[in-house]
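*Asks:* Next up is a structure, given as structure tokens.
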Amino acid sequence: MLDAMTTNADEPQTRPRRRVPAGAAVLREDVTEAIRAAVFEELAAAGYARMSIEGIARRAGVGKTAVYRRWRSKLHLVLDIVSALAVQGLPAPDTGSLETDLRLLYEVTSRALRHPVASQIIPDLQAEAARNPDIAEAMQKALREGQESVVSSILAAAERRGEIRPGVDQDLALDLISGPLYWRAVVIRSPKLPKGYLDALTRATAEGIKAL
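Okay, so the sequence shown: first residue is 762 according to our numbering, each after it adds one.
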């Protein structure tokens, strides 16, 4: 009887029962990660408005209760996942020159924005952000803070090397660096970048930052 009362909260009923620490049920990390992956898939397939806890649970191969043990609503689930993007951020390049740092950043960012799942999710969440201030705040955090940290590192390295003047306007530099790719991926949604686009963008952005 004691074993039956202390089973893991996410264990299927057909598996052997195990003891867990006293108190709240232990939440398995592999189940949590399966749910997170399912959220991205469900967002891409159905969009936020039509996304449901039932659909997420089905994709993750778990019951609805496993989802509700971790998040109390689909809004909190999506906000948590979107906010986590800001924590992960992007790797800050350190190649030895401003232009090659920017080129590497553009390559990584372009691939991420053009991933089939991201290309579906980001515009949908941007539309929801216009109606929901909580999503708007999470999107601001996820899309700006990660880029802001990387751009700050790139500018600091360029300043140390004497490639740019001290005290460059970082907000303006962030707009110059991040704006073009987001414009093409999120607004225009062009399926493919023109040949040589990233190289030309890198050169133009580097010159623009040096002129600030």
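Using N, Cα and C, we set each Cβ at its ideal position, and we do this for glycine too. Note that the structure is predicted; figures quoted are calculated from it, not measured.
#1: Run through DSSP, which three-state label would GLY784 get?
#2: Within 10 Å of its beta-carbon, does ALA783 have 16 or more other beta-carbons around it, so buried, or fewer, so exposed?
#3: If you draw a straight line from the C-alpha of TYR943 to the C-alpha of LEU954, how long is it?
#4: Excluding sequence positions up to five away, which residues of its chain have a Cβ less than 6 Å from the Cβ of ALA795?
#5: Which first and last residues belong to the alpha helix (DSSP H) in which PRO894 is found?
#6: What residue from SER834, LYS971, LEU973 and ARG964 has the CA that sits closest to TYR867's CA?
#7: Could you tell me the alpha carbon to alpha carbon distance between GLY808 and LEU840, rounded to whole angstroms?
#8: Closest to SER939 by C-alpha separation, out of GLU920, GLY824 and GLY969, would be which residue?
#9: For VAL948, count neighbouring C-beta atoms within 10 Å of its own C-beta (all shown protein chains included) and say buried if the count is 16 or more, exposed if not.
#10: Assuming contact is defined by CB atoms lying nearer than 7 Å, are VAL828 and ILE842 in contact in what I supplied?
#11: In chain order, what residues of the same chain have a beta carbon less than 8 Å from the beta carbon of ALA805, not counting five sequence neighbours either side?
#12: May I ask you to check if the CB of ASP885 is nearer than 6 Å to at least one heavy atom of the ligand NAP?
#13: Pick from GLU920, ARG875 and ARG864: whose alpha carbon is nearest that of GLY957?
#14: Could you compute how far the alpha carbon of ALA810 sits from the alpha carbon of ALA873?
#15: Run through DSSP, which three-state label would GLY923 get?
#16: Helix, strand or coil: how does DSSP classify ALA807 here?
#17: Give the secondary structure of MET762 by DSSP, where H, G and I count as helix, E and B as strand, and everything else as coil.
#18: If you run the structure through DSSP and keep just helix, strand and coil, what is LYS971?
#19: Where does THR870 land, buried or exposed, given buried means 16+ other C-beta within 10 angstroms?
#20: Please report the straight-line C-alpha distance between SER834 and VAL800, rounded to a whole angstrom.
*Replies:* Per the coordinate set shown:
#1: Any reading at GLY784 must be qualified, since the residue scores a pLDDT of 43, below 50, and its modelled position is unreliable; the value itself is stated next. It is coil, neither helix nor strand.
#2: The predicted position of ALA783 is uncertain, since its pLDDT is 44 and thus under 50; a value taken from the coordinates is nonetheless stated next. It counts as exposed.
#3: 12 Å
#4: ALA821
#5: 894–901
#6: Its Cα nearest to that of TYR867, the residue ARG964 stands out among SER834, LYS971, LEU973 and ARG964.
#7: Taking the Cα positions, GLY808 is about 14 Å away from LEU840.
#8: GLY969
#9: exposed
#10: no
#11: PRO877, VAL878, GLN881 and ILE882
#12: In the structure shown, the ligand NAP is absent, as is every other ligand, since no ligand is present at all.
#13: Out of GLU920, ARG875 and ARG864, ARG864 has the C-alpha closest to the C-alpha of GLY957.
#14: 23 Å
#15: coil
#16: Three-state result, ALA807: helix.
#17: Its pLDDT being 37, under 50, MET762 is placed unreliably by the model, and nothing is read from it.
#18: The answer is helix: DSSP assigns LYS971 an H, G or I state.
#19: buried
#20: 12 Å
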